[in-house]
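Asker: Let me give you the structure first, and then I'll get to my questions.
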Amino acid sequence: MNLFEIDHIHLDLEVSSKDELFDFIANTLKALGRITESADFKKALEKRESEISTGLGEGIGMPHTLDTSVMFPTMLYIRLKNEIDYQAIDGLPVKEIYAIAMPNSYQKEHLVLISKIATIYFEEASKQEIRALDTKESIHSFISKNLK
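First residue of the sequence shown: 24, per our numbering; consecutive thereafter.
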């Protein structure tokens, strides 16, 4: 199983809160067969979020956790239809979400993935490029290329 597949991309998702977003992420990962229990995974996301916001700023949220409920390392890319309040570090709402689920033993891989995603947004050109892409295929290609 690959970390990031086309069916891990969700465009124009309608949620009105971070809680609804976390429900969607947990339920999606369960439906994909990537986690054992959606409730356990959601609790792990909430615990991680209580430590410090995973709202990185500039409209990007990166809910992530290492948890025993995770069977296969997985990343979801979600673009929301409307921005939501996320208590991000810059106080701005988020619209782009990278949800990362890793088994407990994947600490190094977890940090490397977060770093690679963040690198996309360091360069203004790449940040604008991903935000302009509008198909799952083009987004998958762009992100996969940048994760190598």
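Just so you know, even glycine gets a beta-carbon here, dropped at the ideal spot from N, CA and C.
Our contact map puts residue 121 next to residue 144 with C-beta atoms below 8 Å; I'd like the distance itself, whole angstroms only.
Answerer: Contact doesn't hold; Cβ gap of about 10 Å is too wide.
Asker: Return the first residue and the last residue of the alpha helix (DSSP H) that residue 133 is part of.
Answerer: 130-145 is the span of the alpha helix (DSSP H), which, as asked, contains residue 133.
Asker: Can you look up residue 70 in the DSSP assignment and give me helix, strand or coil?
Answerer: If DSSP states are grouped into helix, strand and coil, residue 70 belongs with the helices.
Asker: Can we say the region 82-94 touches the region 127-137, given the rule of at least three CB pairs closer than 8 Å?
Answerer: Yes, the region 82-94 touches the region 127-137.
Asker: Any idea what DSSP makes of residue 88, helix, strand or coil?
Answerer: The answer is strand: DSSP assigns residue 88 an E or B state.
Asker: Report yes or no: do the region 95-110 and the region 33-49 share at least 3 C-beta pairs separated by less than 8 Å?
Answerer: Verdict: yes, contact present.
Asker: What does the Cβ neighbour count give for residue 51, buried or exposed, with the cut at 16 atoms within 10 Å?
Answerer: Under this definition residue 51 is a buried residue.
Asker: Can you round the beta-carbon distance between residue 93 and residue 71 to whole angstroms, since I take them to be within the 8 Å contact cut?
Answerer: Their Cβ separation, rounded to whole angstroms, is 12 Å, which puts residue 93 and residue 71 out of contact at 8 Å.
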